[in-house]
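Protein chains in written order, with the numbering used here: chain Z, 202 to 545; chain F, 202 to 545. Glycine included, C-beta positions come from ideal geometry on N, C-alpha and C.
There are 2 protein chains.
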Amino acid sequence: MEGFKIIEWLGDRIKIIDQTELPHKEVFLELRDCHEVADAIKKLCIRGAPDIGVAAAYGFALAAQGIKASSKADFLTKLRPISETLASSRPTAVNLFWALERMNKVAHSGKNVSQIKAALITEAQCIETENDEANRRLSELGAALIQDGFTILTHCNAGSLATAGYGTALGVIKMAKEQGKKVKVYANETRPLLQGARLTVWELLKENIPVTLITDSMAGYFMNKGVINCVIVGADRIAANGDVANKIGTYTMAVLATENGIPFYVAAPMSTIDFSLSSGADIPIEERNPDEVTHIQGIRIAPKGAKAANPAFDVTPHCYVSAIITEKGVAREPYVEKMKELAK
Amino acid sequence: MEGFKIIEWLGDRIKIIDQTELPHKEVFLELRDCHEVADAIKKLCIRGAPDIGVAAAYGFALAAQGIKASSKADFLTKLRPISETLASSRPTAVNLFWALERMNKVAHSGKNVSQIKAALITEAQCIETENDEANRRLSELGAALIQDGFTILTHCNAGSLATAGYGTALGVIKMAKEQGKKVKVYANETRPLLQGARLTVWELLKENIPVTLITDSMAGYFMNKGVINCVIVGADRIAANGDVANKIGTYTMAVLATENGIPFYVAAPMSTIDFSLSSGADIPIEERNPDEVTHIQGIRIAPKGAKAANPAFDVTPHCYVSAIITEKGVAREPYVEKMKELAK
């Protein structure tokens, strides 16, 4: 994004933009330990799978700096609860666990405490840089699938705000525009937390990409009318067989796209692929507070006493996914083989 | 509903509950001429296809009482703009035009002005009574499709509030419960105007029917998980071939239900069927103010400058409709023949 970094490392703290306040207010938060970082992830001040990974890495590095340890063994023991605090913030996006694993590996392979502390900062910065590079590369590969004049539907927010980088789904769209293609976007508002209405529309307005906001329930209407040329979304976790966990409502978009003969693309860095899971059935789905459904921006919409459900993600079976766009290449069926090849 | 009538004829005015204020406040409006009635329909103070039909009939009768005319011909001339005002309130629900046609027929076939004035009141009351009877009869026929223990998904509000009667989609559910079946409901919130969250949940809580509120984007998740046994919705207009116009998002529910092998039922009185249209392609779709999408209950959710679309209805092709439940019987494919038979 212009003007500010999504996550900024300031030596003894990280500075982030509070995404729950967007688009109305640009509020910045300074987070000083792993609890503050975990809390910001839980509350969605920082959100989006790649962004969560980068934030967790910085949270880990930040907390590590504050450890007073007599030995490497002591240091590693004290790192464990830090890692656990960050890991327990949100269950679905795998990038969080992937980033923590990288950080832990660096900690374990380091020589001594002061060397490890420095190496952890470098590793977090490295995760951020690699993430941005992966975003750009996958956006280039994805942009090849976008034709001049395309109208693209997207769900939730998989832009700079979600990635602390160029963006994944929105990265592909931005890159297509940079290549001189005229593109338009239909953005689902993405209830309950309205990341589409609040964040995607905000980002696209800043990028001067024409965007029409719709409710999630309107996407099928516009697909059926022939208005939409393709659907692109991000992902929170992709199983080895190509099943995709992403924001609740994604499965619906994929079914509607398939039914209407519209390509359904998933854009995500390789770090989103969880090769340890053979299918999406094993991806844990976060159940959030029902108040997010009975209320909108703090205003009660349902009568008192109303019970609500609030699964934050769903799993789209790979049969509905036309292609998975990664920085290593574009995978199509059979995903099991194709994604393994990309990972080599 | 207990405690009050949705539309109450008071001789020189009608009294309605303002549905835009529910569930937070029970505000009643008294409407004294056809402009006030048309305005209440436009603003959705009165809504739901059968309810609009009943309201329009009463609005017609009400305005007719105020006409000062020297002859029947003069009276009929003065009735025309009244009919036009009411007809222009909303374009999609056919019950509005059907009710106005019945009222106009009564006016034309009457002997003299004072006899016609009285006959119009009787006709409006008759439309209301017939509507309630049709609701109850179709609810009985529909309840036969509901098994004990069913969990039923519904979209928007097709209950007492929408029908000035027993209800259509919710009527079927209420009747199943009255028959001693244990039923549960998942209610889509139904953005943009949240008729599900505000009205359906409110009605079902009053009926002591267990209801779980979800966002529209969650319905696919619960269908795919095997939680939903059938989907029932109302209709605003049904073409002769069984294509169904209903609240935006209905098409999506029908596609998801079909994909998951779940029956998708439409419950509506015969007055909702428009035999003059051979397919749903000809049903006019109301485009409402984009502010309904960029705002929720008056609170802005999207950034300033955001453009939004707001089609209020969509058309579900008959191939996704398992059955159309009317007071004359339950129609299934081939709808063209079956619905013609029911209309005999």
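- Not a single C-beta of chain F is nearer than 8 Å to the C-beta of Z/N409.
- Sequence-distant partners of Z/A398 (beyond 5 residues in either direction) whose C-beta falls short of 6 Å from its own C-beta, in its chain, are E390 and L414.
- F/L245: not part of any beta strand (DSSP E); DSSP gives it neither H nor E.
- Between F/A264 and the set F/K243, F/C246, F/T286 and F/L245, the nearest pair of CA atoms involves F/T286.
- Rounded to whole angstroms, the separation of the alpha carbons of Z/I247 and Z/P224 is 14 Å.
- Here the C-alpha atom of Z/L277 lies approximately 10 Å from the C-alpha atom of Z/S284.
- Taken in chain order, the complete beta strand (DSSP E) segments of 3 or more residues contained in the stretch 297-373 of chain F are 352-355.
- Of F/K244, F/A294, F/A365 and F/R291, the smallest CA-CA separation from F/K206 is found for F/A365.
- For F/E222, same chain residues with a beta-carbon under 7 Å away, outside a window of 5 residues either side, are V228 in chain order.
- About 6 Å separates the CB atoms of Z/Y466 and Z/S523; that is less than 8 Å, so the two are in contact.
- Contact between Z/T355 and Z/L371 is confirmed by a C-beta separation of about 7 Å, below the 8 Å threshold.
- Around F/I484, the same chain offers T293, R438, A440, A446, L478 and V516 as residues with beta carbons nearer than 7 Å, after the five sequence neighbours per side are excluded.
- When only Cα atoms are considered, F/P504 and Z/V402 end up about 7 Å apart.
- For Z/P512, the neighbours in chain F by C-beta distance under 8 Å run, in chain order, M419 and Y422.
- Beta-bridge partners of Z/E488 (DSSP): Z/P512.
- Excluding residues up to 5 positions away in sequence, L543 lie with their Cβ nearer than 6 Å to the Cβ of F/G530 in the same chain.
- Excluding its 5 nearest sequence neighbours in each direction, Z/S290 has C-beta neighbours in its own chain below 6 Å: A239, I242 and K243, listed in chain order.
- Note on Z/G435: 16 or more other CB atoms within 10 angstroms of its CB, so buried under the neighbour-count rule.
- Residues are counted here when their Cβ sits less than 8 Å from a Cβ of chain F; for the stretch 390-402 of chain Z these are E390, T391, R392, P393, L395, A398, R399 and V402, given in chain order.
- Taking 7 Å as the Cβ-Cβ cut-off, the stretch 421-443 of chain Z approaches chain F at G421, Y422 and N425, given in chain order.
- Look at F/Y536: its C-beta is not under 8 Å from any C-beta on chain Z.
- Of all alpha-carbon atoms in Z/S480, Z/I486, Z/A482 and Z/K508, the one lying nearest the alpha-carbon of Z/D492 is that of Z/K508.
- Beta-bridge partners of Z/Y452 (DSSP): none assigned.
- With a threshold of 8 Å between beta carbons, F/T278 makes no contact with chain Z.
- Listed by position along chain Z, the residues whose Cβ is nearer than 8 Å to that of F/Q266 form an empty set, because the closest Cβ is around 37 Å away.
- Collapsing the DSSP output to three states places F/F465 in a strand.
- Closest by C-alpha distance to F/D444, out of F/I374, F/A335, F/S480 and F/A513, is F/S480.
- Z/P282 has a beta carbon lying at 8 Å or more from every beta carbon in chain F.
- Between Z/P512 and Z/I486, the C-beta spacing is below 8 Å.
- Z/T330 is classed as exposed because its beta carbon has fewer than 16 other beta carbons within 10 Å across all chains shown.
- Cα atoms of F/C520 and Z/E534: separation of roughly 29 Å, rounded to the nearest angstrom.
- Taken atom to atom, the span from the alpha-carbon of F/V314 to that of F/E324 is near 15 Å.
- Pairing F/F261 with F/L211 gives a Cβ-Cβ distance that is not under 8 Å.
- Considering only beta carbons, the part of the stretch 448-469 of chain F lying closer than 7 Å to chain Z consists of I449, G450, Y452, T453, V456, L457 and E460, in chain order.
- A straight line joining the alpha-carbon of F/A458 with that of Z/V537 spans about 28 Å.
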